[in-house]
Amino acid sequence: MVTPKINAPQQASGTDWQELLVGQDDLWAGLRDAAAAGTLPHLILLAGLPGNVQLPMAVALAQVLLCSGGHKPCGGCNHCRLVQKLVHPDLHFSFPLAKSKELCVNHYAKWRSVLQKTPFMDLPDWFAGLGEEGTQANIAVAEVQSILERLLLRPFNAACKVMLIWLPEYLGKESNRLLKIFEEAPQHTFILLVTSNPDALLSTVRSRAQLFRVKAVSPETIATYLQTHAGAEQDAAWQAALLADGKLQNALNLLGTRSTDMMDRLRQLFIAAYQYNPLEISEWVEWFSKLHREDQKQFIQWMLGLLSFVLRRKYAPVLAGDDGGNALHQYIGKLAVSLNTRQAEVISDAANDCLDGIQQNANVRLLMTDFSIALSHTLKRKHEQLTNIN
Ligand SMILES: [Zn+2]
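Right, here's the structure in full:
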């Protein structure tokens with residue numbers, strides 16, 4: 026009797042990067058087949074929304090390029106195992122740092138642990154892991170020199186080597202020093218640029234690389250992923266998925282929050298602002314200002330996600346996952362009736378300003394008091410349409 030082969034991913038042996046490529050079947054199949062067949066261009070640019078799957082996709086692609094097995098990535102060869110743990114000697118990384126004299130190679134241990142913990146990470150996730158939150162990011166001249174040196178190394182024990190540069194937009198004009206090597210990469214070398222803002226790259230870099238775009242992930246796909254891979258309950262998965270704006274890291278971050286509490290708090294604020302009740306507004310502002318800064322940011326991001334769904338709901342009366350019984354869907358529906366498009370946009374703009382202010386360490390009490398007053402004016406402006414705000 027043949028024992029069935031079990032292919033379940035094992036955390037202890039590293040990350041199954043392919044498994045993280047949520048909602049990207051077509052793009053991934055094309056890239057994987059080209060890499061396995063040896064027809065992948067030597068310089069590629071993977072672009073996606075911040076917090077989407079472009080970074081795990083680049084690592085998975087590196088695994089295909091480095092794998093020595095038959096069906097690449099085989100998952101079982103030594104090369105695959107080393108990539109799963111991000112320790113393959115022919116897989117090099119470069120990424121933004123806060124201090125211009127530092128080199129990425131000296132931060133690899135941190136990089137590995139943060140990337141394995143938050144594989145869909147955006148720059149703030151990385152800087153939080155690095156303990157450099159709120160500092161200016163860059164890929165400076167010393168690191169560019171290190172990229173050049175590492176690109177000239179011969180492959181150590183694989184058939185090729187891979188340089189993954191995350192967020193090359195932070196190279197700025199230093200990228201000019203890499204143009205020649207981008208144009209003519211050394212033999213057996215692949216350079217994977219992973220960006221969330223391709224427009225911020227110098228046109229000289231963009232024109233040399235072949236661009237592949239990672240799709241925003243649909244709420245349905247995110248909700249399924251959260252249930253099957255993150256152990257979320259159906260309702261929590263849907264709440265996070267609906268507000269994640271197509272970004273998986275957002276969805277995972279939102280899973281840890283209690284949306285019901287946020288909805289109650291938002292409802293309180295809207296009612297207090299609509300009634301222009303100074304006492305309740307100031308109590309609300311007091312509550313908000315005592316939250317941890319990360320929770321303040323998360324609340325505003327959550328509100329922004331909700332407002333974008335309110336706007337979408339105005340054009341598409343039924344949203345995916347809307348079975349009528351979900352409290353969040355019901356609230357979105359109510360707001361879509363109560364607010365006109367202009368009001369939702371004005372409130373979103375004001376909320377975005379709050380987010381910027383919080384990120385820049387502004388006085389949160391003043392910031393949110395101003396926001397509440399602006400909210401009050403905006404809600405009053407269309408009095409006749411606001412009979413159903415609570
Ligand atoms: Zn392999």
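The sequence shown begins at 26 in the working numbering and counts up by one.
Glycine included, every Cβ here is placed at the ideal spot set by N, Cα and C.
When DSSP reads this structure, glutamine 235 sits in a beta bridge with Ile69.
For serine 138, the enclosing alpha helix (DSSP H) stretches over residues 133-142. Shown here, isoleucine 190 sits in a strand according to DSSP, grouped into three states. With a threshold of 6 Å, the Cβ atom of proline 180 does not count as near ligand 1, since no heavy atom of the ligand is closer than that.
A straight-line Cα-Cα distance of about 13 Å links aspartate 378 and methionine 328. The DSSP assignment places complete beta strand (DSSP E) segments of no fewer than 3 residues inside the region 196-249 at 214-220 and 235-238, in order along the chain. A straight-line Cα-Cα distance of about 26 Å links proline 223 and alanine 376.
In the three-state reduction of the DSSP assignment, leucine 116 falls in the strand class. A distance below 6 Å between beta-carbons, with the five flanking residues on each side excluded, links isoleucine 172 to the following residues of its chain, in chain order: Ser119. Under a 10 Å Cβ-count criterion, asparagine 182 is classified as exposed, with fewer than 16 other Cβ atoms of the shown protein chains found around its own Cβ. Taking a contact to require three or more Cβ pairs closer than 8 Å, the region 203-210 and the region 37-47 do not qualify as touching. Bounds of the alpha helix (DSSP H) holding phenylalanine 324 are 318-340. Around the beta carbon of tyrosine 340, a 10 Å sphere encloses fewer than 16 other beta carbons of the protein chains shown; the residue is thus reported as exposed.
Per DSSP, tyrosine 301 lies in no alpha helix (DSSP H) segment and is marked neither H nor E. Asparagine 163 is bridged by DSSP to Leu122.
Looking at the backbone, the Cα of arginine 106 and that of lysine 186 are separated by about 16 Å. When the five nearest sequence neighbours on each side are left out, the beta carbons in the same chain lying within less than 8 Å of the beta carbon of arginine 231 are those of Leu70 and Pro223, in order along the chain.
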